[in-house]
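The structure under discussion appears below in the form of structure tokens.
Protein chains: 2
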Amino acid sequence: MKVQPIEAHEQNPVQMDGASGAKMRMLIGPAEQAKNFHMRHFSVEPGGYTPHHQHDYEHEIVVLKGSGVAKSEQGDREFSAGDIIWVPANEMHQFQNTGGDALEFICLIPAPMDCSK
Amino acid sequence: MKVQPIEAHEQNPVQMDGASGAKMRMLIGPAEQAKNFHMRHFSVEPGGYTPHHQHDYEHEIVVLKGSGVAKSEQGDREFSAGDIIWVPANEMHQFQNTGGDALEFICLIPAPMDCSK
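These protein sequence lines are chains W and H, in that order.
Residue 1 is where the first sequence starts when you use my numbering, and the numbers rise one by one after that.
Residue 118 is where the second sequence starts when you use my numbering, and the numbers rise one by one after that.
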């Protein structure tokens, strides 16, 4: 078992095209040999955002601090700390910090699946 | 996309043998057709605990509120809000609320894998 505060994990800027003012921490992933899904932490400064994009895997999200707007295929959705967000595979999405404080959320993605093992 | 507060999800007592004072909410699971991993919310009252057990799948945990002790194969580990806990598959574990307030955490598990699809 591993028990560590979020802050103990290395934080790096999100370098993807279309992102601004966003940083990421890998919380549980390859280092733990987590074979089914990976847990990441995102911090987005006021006015910042993640890329407006889509991909063939889902997101499962827990909003920890702050507030913002999620752009979705069903329109803009406001969210704040304590909200759970489900983004199905292949849906366009973006998370914008529209509040005055840092936006922090946990975002999980599937790990690559290897059916040969 | 689905955006909902944790509290909007139905809460039920954890009925498993060895659990006491614990309640669960399914946040993202079969209802969302989440095929890779499922997100649950647990609330444990002061003095309560989850079962001391093991299983062939991992846990990825975010502690939201309160504090407690995790029994692990490496001994007892204190934890509190803001901690991330990784429990590898097949490791014995239990979460006890040793604080004076409700303990709340998010716990993710893999969904059944179907390699025929």
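Ideal placement from N, C-alpha and C gives every residue a C-beta, glycine not left out.
Keep in mind that this is a model prediction, so the values were computed, not measured.
According to DSSP, which residues form a beta bridge with residue i?
i, result
"Leu220(H)", "Val161(H)"
"Gly185(H)", "Phe196(H)"
"Lys140(H)", "Pro130(H) and Ser160(H)"
"Tyr49(W)", "Ser20(W) and Gln96(W)"
"Ile28(W)", "Met39(W)"
"Ile226(H)", "His155(H)"
Would residue i count as contacting chain H if we go by Cβ distances under 8 Å?
i, result
"Pro5(W)", "yes"
"Lys2(W)", "yes"
"Phe37(W)", "yes"
"Gln15(W)", "no"
"Glu91(W)", "yes"
"Val87(W)", "yes"
"Ala70(W)", "yes"
"Glu32(W)", "yes"
"Glu10(W)", "no"
For residue i, tell me which candidate among the options has the shortest Cα-Cα distance.
i, options, result
"Leu144(H)", "His41(W), Met1(W), Val44(W) and Trp86(W)", "Trp86(W)"
"Met156(H)", "Glu32(W), Ala22(W), Gly21(W) and Glu58(W)", "Glu58(W)"
"Pro168(H)", "Pro227(H), Gln121(H), Pro229(H) and Asn214(H)", "Asn214(H)"
"His41(W)", "Gly75(W), Pro88(W), Lys65(W) and Met16(W)", "Lys65(W)"
"Ala125(H)", "Lys152(H), Arg142(H) and Gly216(H)", "Arg142(H)"
"His172(H)", "Ala151(H), Ser184(H) and Pro205(H)", "Pro205(H)"
Please classify residue i as buried or exposed, where buried requires at least 16 other C-beta atoms within 10 Å of its C-beta.
i, result
"Gly47(W)", "exposed"
"Asp218(H)", "exposed"
"Asn12(W)", "exposed"
"Ala235(H)", "Since the first and last residues shown for chain H are 118 and 234, residue 235(H) lies out of range."
"Pro229(H)", "exposed"
"Gly192(H)", "exposed"
"His53(W)", "exposed"
"Gly18(W)", "exposed"
"Met1(W)", "buried"
"Lys117(W)", "Its pLDDT being 47, under 50, Lys117(W) is placed unreliably in this model, and the value from its coordinates should be taken loosely. With fewer than 16 other Cβ atoms within 10 Å, it is exposed."
Is the CB-CB distance between residue i and residue j below 8 Å?
i, j, result
"Phe37(W)", "Phe154(H)", "yes"
"Ser197(H)", "Val179(H)", "no"
"Leu225(H)", "Val161(H)", "no"
"Ile6(W)", "Ile123(H)", "no"
"Glu177(H)", "Ser189(H)", "no"
"Ala70(W)", "Val131(H)", "no"
"Ser67(W)", "Gly99(W)", "yes"
Checking contacts by CB at 8 Å: is residue i closer than that to chain W?
i, result
"Asp200(H)", "yes"
"Gln171(H)", "no"
"Arg157(H)", "no"
"Gln211(H)", "no"
"Ser137(H)", "no"
"Val161(H)", "no"
"Phe222(H)", "no"
Does the beta carbon of residue i fall short of 7 Å from some heavy atom of the ligand ATP?
i, result
"Gly99(W)", "The ligand content of the structure shown is nil, which means the ligand ATP is not present either."
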